[in-house]
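S.K.: Each step along the sequence shown adds one to the number in the numbering used here, with nothing skipped, and position 6 is 1.
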Amino acid sequence: MLLLEQSQGNTGVAGLWQFDFRDGEVVDPSDQFTGGGGSDEIRAGEGNDTIFGLAGEDVLYGNQDDDVIYGNQDYDILFGGRGNDTLYGGQDGDILVGGVQNDVFYGNQGPDTMFGQGGADVFFIGPDIDLIPDFNPALDRVDVLDDIGLPEKFNLLRPTLDGDTFVFYKGGGVILQGLAFEDATIDIFL
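1) Tell me which residues share the same chain as residue 36 and place their Cβ nearer than 6 angstroms to its Cβ, disregarding the 5 neighbours each side in the sequence.
2) Quick one, are the C-beta atoms of residue 69 and residue 39 less than 8 angstroms apart?
3) For residue 168, which residues does DSSP report across the bridge?
4) Over the uninterrupted beta strand (DSSP E) stretch that includes residue 49, give me the two end residues.
5) For a test of the three-state rule: what should DSSP assign to residue 130, helix, strand or coil?
6) So for residue 177, helix, strand or coil by DSSP?
7) With distances taken from CA atoms, which of 121, 155 and 116 is nearest residue 96?
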């Protein structure tokens, strides 16, 4: 058995391997990728992929089709790409970037920054202060994660110094940039 994470890769970089299948084997385009204990960069391709970052500061790319990406531990950067993607932040502050279609974001723990980048996106926010820099009130929606012990509904809306909307609830909140406080309505919530 060869432990790829710690072995000298065939690219000249420890832990970085490149594989070419030339024996005619058909490989399913929908794959599962799992990072190791260190910082990983994983780039999926076509197909509905599932990517697990595990420990370390990971950069994970879903690219095409409908992908599910898990940041897990440490500070991670997740890119959904094209397709209706689902992105899960981890235990620390993460950056989650959707794509042009309808994506679902789970902020989880830590102060996360989530970019929808178009489409009708749904943002589930966690127990810290999250940021959505490109919130579109005509299409996007916000909700609180059910399993973090917070109330189901939001308690208070406040304007930020820049005129954006700050949604506050017990223990956390989210800043919705692009949504003027006076334009905030109940319709942005699930």
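Think of the CB as a built atom: it goes at the ideal place given N, C-alpha and C, for glycine as much as any other residue.
M.R.: This is what the structure holds:
1) 54
2) no
3) 124 and 163
4) Where residue 49 is concerned, there is no enclosing beta strand (DSSP E), given that its DSSP letter is neither H nor E.
5) coil
6) helix
7) 116
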